[in-house]
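J.: Take any residue in the sequence shown, note its place counting from 1, add 121, and you have its number in this note's numbering.
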Amino acid sequence: MSDELAEDMAFFGASDEIADAPTEQDLTVERYEIWPENLTTLTVFIDLSTQWDRVAEADGVMTRTRLIWESFEVLMRHSTGIPRRDHAKIFTDIRRMEKVALAAMGEEVSKQREERRREAEQK
Numbered sequence: 122m123s124d125e126l127a128e129d130m131a132f133f134g135a136s137d138e139i140a141d142a143p144t145e146q147d148l149t150v151e152r153y154e155i156w157p158e159n160l161t162t163l164t165v166f167i168d169l170s171t172q173w174d175r176v177a178e179a180d181g182v183m184t185r186t187r188l189i190w191e192s193f194e195v196l197m198r199h200s201t202g203i204p205r206r207d208h209a210k211i212f213t214d215i216r217r218m219e220k221v222a223l224a225a226m227g228e229e230v231s232k233q234r235e236e237r238r239r240e241a242e243q244k
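(1) Are at least three pairs of beta-carbons, each pair with one atom in the stretch 224-235 and one in the stretch 175-189, less than 8 Å apart?
(2) Give me the Cα-Cα distance between aspartate 129 and glutamine 243, rounded to the nearest whole angstrom.
(3) Am I right that methionine 98 and histidine 208 are in contact with their C-beta atoms under 8 Å? What's the rounded C-beta distance?
(4) Here's the rule I'm using: 16 or more other beta-carbon atoms within 10 Å means buried, otherwise exposed. How should phenylalanine 132 be labelled?
(5) Measuring alpha carbon to alpha carbon, tell me which of Gly134, Arg239, Glu194 and Ile211 ends up nearest glutamine 172.
(6) List the endpoints of the continuous beta strand (DSSP E) containing threonine 184.
(7) Assuming threonine 161 contacts isoleucine 211 (C-beta within less than 8 Å), just tell me the rounded distance between them.
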């Protein structure tokens, strides 16, 4: 729990038992361990999460096609604390992550199309 949330709960008189109780999200969200050597790359990838090229397919499904690499360059140029010597490795790692993410998102698009096809057949 964040310090701010803890302060807000204390302000409103929530007991420690209530404040420390797991939330529904705590019980349903999978937890992953991030190795320290991968944290910077993951942070950059998350920072790029709004930088996907999207295409509207004829059937109305939005498909992500690639990361906008110019955004990576801007992000790295303006990021503080990431040594320039690490940029090439991070770029390579992000490209690998992009490939895996595109495959996973492609599977999701296929599911959406199948669902739409079934709905259309039922009409």
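Heads up, the beta-carbon is just placed ideally off N, CA and C, and yes, glycines get one too.
T.: Let's see:
(1) yes
(2) In the sequence shown, the residue the question calls residue 129 occupies position 8. In the sequence shown, the residue the question calls residue 243 occupies position 122. So the alpha carbons of these two residues sit roughly 50 Å apart.
(3) Because the chain in this structure spans residues 122 to 244, residue 98 falls outside the shown range and cannot be described.
(4) Here residue 132 refers to the residue found at position 11 of the sequence shown. Exposed.
(5) Locating residue 172 in the sequence shown gives position 51, counting from the first residue. Comparing Cα positions, the closest option is Glu194.
(6) Locating residue 184 in the sequence shown gives position 63, counting from the first residue. Unbroken beta strand (DSSP E) run through threonine 184: 183-188.
(7) In the sequence shown, residue 161 corresponds to position 40, counting from 1. In the sequence shown, residue 211 corresponds to position 90, counting from 1. Confirmed, about 7 Å.
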